[in-house]
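Quick note on my numbering: the sequence shown kicks off at 15 and runs consecutively.
From the three backbone atoms N, C-alpha and C, an ideal C-beta is built for every residue, glycine too.
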Amino acid sequence: MVGRHRSARQRLWEAWISLQVEYQGSYSMERIRQLGFYMTGLHNRRILLACVLTPMPCLVLSFLQNGVFFARAWVILCFMGASALVQMGHGAPRLQLTRFQITWVSILAATASILFIFGLCALTVFPLPFGLLIAGPPFVIVIAICFTNISGTQWRNDPSTLVDVKRQLVVYNCQTTLPFVYPLYILGFVSLTGMHQVVFVAPCTCR
15 MVGRHRSARQ
25 RLWEAWISLQ
35 VEYQGSYSME
45 RIRQLGFYMT
55 GLHNRRILLA
65 CVLTPMPCLV
75 LSFLQNGVFF
85 ARAWVILCFM
95 GASALVQMGH
105 GAPRLQLTRF
115 QITWVSILAA
125 TASILFIFGL
135 CALTVFPLPF
145 GLLIAGPPFV
155 IVIAICFTNI
165 SGTQWRNDPS
175 TLVDVKRQLV
185 VYNCQTTLPF
195 VYPLYILGFV
205 SLTGMHQVVF
215 VAPCTCR
């Protein structure tokens with residue numbers, strides 16, 4: 015019995031490894047060096063031509079025929095909303111939500127975000143570039159409003175809990191703004207050289 019369990023676990027592990035991209039193939043130093051030369055010598059004109067001329071079948075199929083994509087994104091957003099609300103409850107034990115509240119708030123936030131993305135796809139293109147980041151604002155707004163309203167009775171009766179509400183909202187907002195700030199920060203850093211990079215990161219190191 016133990017041998018069968020171990021064999022099944024081994025097969026499951028091998029199947030999982032086979033799905034990981036980083037374990038497939040090998041990349042020599044020469045190939046990485048060639049990639050570096052290619053990236054440094056690549057002209058903006060060629061990048062623009064590649065973006066314009068590369069066929070994109072998703073645009074031909076349109077967003078109306080990609081329901082599985084939106085359904086999968088909705089499920090992921092539901093889990094993200096639930097994890098955020100559970101985290102808030104751990105950060106402020108007096109404001110812990112019930113399982114029912116976590117469920118319906120997560121579903122509401124995920125639905126609002128998917129409808130927002132669906133509308134933007136209808137007005138612009140599909141797939142929408144940086145869709146997960148664009149879905150962030152409506153997702154955060156719904157989570158924040160629902161969390162504040164649900165805990166409203168508690169912090170009205172005990173004003174000290176309002177401090178916990180504000181603290182959890184600040185923490186959550188910081189977490190959701192990092193995906194916007196961090197890429198821009200990296201872009202600014204790699205665009206500079208030498209002493210300019212030192213000046214660029216100086217405000218962060220002084221804190």
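For N163, the enclosing alpha helix (DSSP H) stretches over residues 150-164. Taking a cut-off of 8 Å on C-beta distances, the segment 111-131 touches the segment 79-97, as three or more cross pairs fall below it. Between T167 and N187, the alpha-carbon positions lie close to 23 Å from each other. Here Q110 has G103 as same chain residues with Cβ atoms under 7 Å from its own Cβ, once five neighbours each way along the sequence are excluded. Here F194 is exposed: its Cβ has fewer than 16 other Cβ atoms, across all protein chains shown, within 10 Å. Counting every other CB atom within 10 Å of its CB across the protein chains shown gives S32 a total below 16, marking it as exposed.
Going by DSSP, P141 is part of no alpha helix (DSSP H) at all; its letter is neither H nor E. When Cβ pairs closer than 8 Å are counted between the two stretches, the segment 113-122 is seen to touch the segment 155-162, the count reaching three or more. A check of alpha carbon separations from L142 across L176, F83, E44 identifies F83 as the nearest.
Inter-residue distance for A22 and E28 is about 10 Å (C-alpha atoms, whole angstroms). Residue environment for G95: buried (at least 16 other C-beta atoms within 10 angstroms of its C-beta). For P173, no alpha helix (DSSP H) run applies, since DSSP gives it neither H nor E. The C-alpha of Q24 lies about 48 Å from the C-alpha of N58. In this structure, the alpha-carbon of F140 lies about 6 Å from that of S76. T162 is positioned such that its CB atom lies no closer than 8 Å to that of V177.
For the 8 Å CB-CB criterion, Q182 and A124 do not form a contact.
Classified as buried, L99 has 16 or more neighbouring CB atoms from the shown chains inside 10 Å of its CB. Using a 10 angstroms sphere on the CB of C160, the tally of other CB atoms reaches 16 or more, which defines it as buried.
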